[in-house]
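Numbering (the numbering used here), first residue to last: 612 to 744. Glycine is no exception: its CB is placed at the ideal position from the N, C-alpha and C atoms.
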């Protein structure tokens, strides 16, 4: 089996349509509130990061639903230190509270980045951390 075939079999399946991401329907404007000020897509974020690669780190939060991983949130951080991750988590929780959503994940899958691990433990003490292998 070639390297590309192996990558395709190991890589998680991403959603292919907005209907998969928002099963209640695309007309629910609540889904789009964070994007009203500025539409961002993956390509524009990657281009922004490339322009300032030495100064900006991208942090992406994915959701897992029906066997698919879907990118939900993109954060541009100044570094990969605990205060930056803590700021991002605080903003995420604040945005959820504004929408009367209670953010309490059961599991979070992360890589072995110590600063992110410490931030999640302090922000979501009830959440089980699963290390990405």
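Would you mind sorting residue 727 into buried or exposed? The rule is 16 or more other CB atoms within 10 Å of its CB.
On the chain shown, residue 727 is found 116 positions in, with the first residue counted as 1. That one is buried.
Excluding the 5 residues flanking residue 699 on each side, which residues of the same chain have their C-beta closer than 7 Å to its C-beta?
In the chain shown, residue 699 corresponds to position 88, counting from 1. Counting only Cβ-Cβ distances below 7 Å, and skipping sequence neighbours, we find 670, 686, 688.
Residue 714 versus residue 690: straight-line alpha-carbon distance, rounded
Taking the first residue of the chain shown as 1, we reach residue 714 at position 103. Taking the first residue of the chain shown as 1, we reach residue 690 at position 79. Distance between the alpha carbons of residue 714 and residue 690: 24 Å.
Which residue wins for smallest C-alpha separation from residue 722, given the options 729, 742, 735, 673?
Here residue 722 corresponds to residue number 111 of the chain shown, with the count starting at 1. Comparing Cα-Cα distances from residue 722 to each of 729, 742, 735, 673, the minimum goes to 742.
Let me confirm a value: residue 730 is counted as buried when at least 16 other C-beta atoms fall within 10 Å, else exposed. Which label applies?
Counted from its first residue, the chain shown places residue 730 at position 119. The residue in question, residue 730, is buried, as its Cβ has 16 or more Cβ neighbours within 10 Å.
Just list the alpha helix (DSSP H) runs in the region 687-711, keeping only unbroken ones of 4 residues or longer that don't cross its boundaries, in chain order.
693-709
If you check the beta carbons only, do residue 704 and residue 718 fall under 7 Å apart?
Residue numbering aside, residue 704 sits at position 93 when the chain shown is read from its first letter. Residue numbering aside, residue 718 sits at position 107 when the chain shown is read from its first letter. Cβ atoms of residue 704 and residue 718: not closer than 7 Å.
I need the straight-line Cα distance from residue 673 to residue 683, nearest angstrom please.
Mapped onto the chain shown, residue 673 falls at position 62. Mapped onto the chain shown, residue 683 falls at position 72. So the alpha carbons of these two residues sit roughly 5 Å apart.
Pull up the distance between the alpha-carbon of residue 693 and that of residue 725, whole angstroms please.
One-based indexing of the chain shown puts residue 693 at position 82. One-based indexing of the chain shown puts residue 725 at position 114. In a straight line, the C-alpha of residue 693 is about 8 Å away from that of residue 725.
Using DSSP bridges, identify the partner residues of residue 673.
In the chain shown, counting from the first residue as 1, residue 673 sits at position 62. DSSP lists 682 as partners of residue 673.
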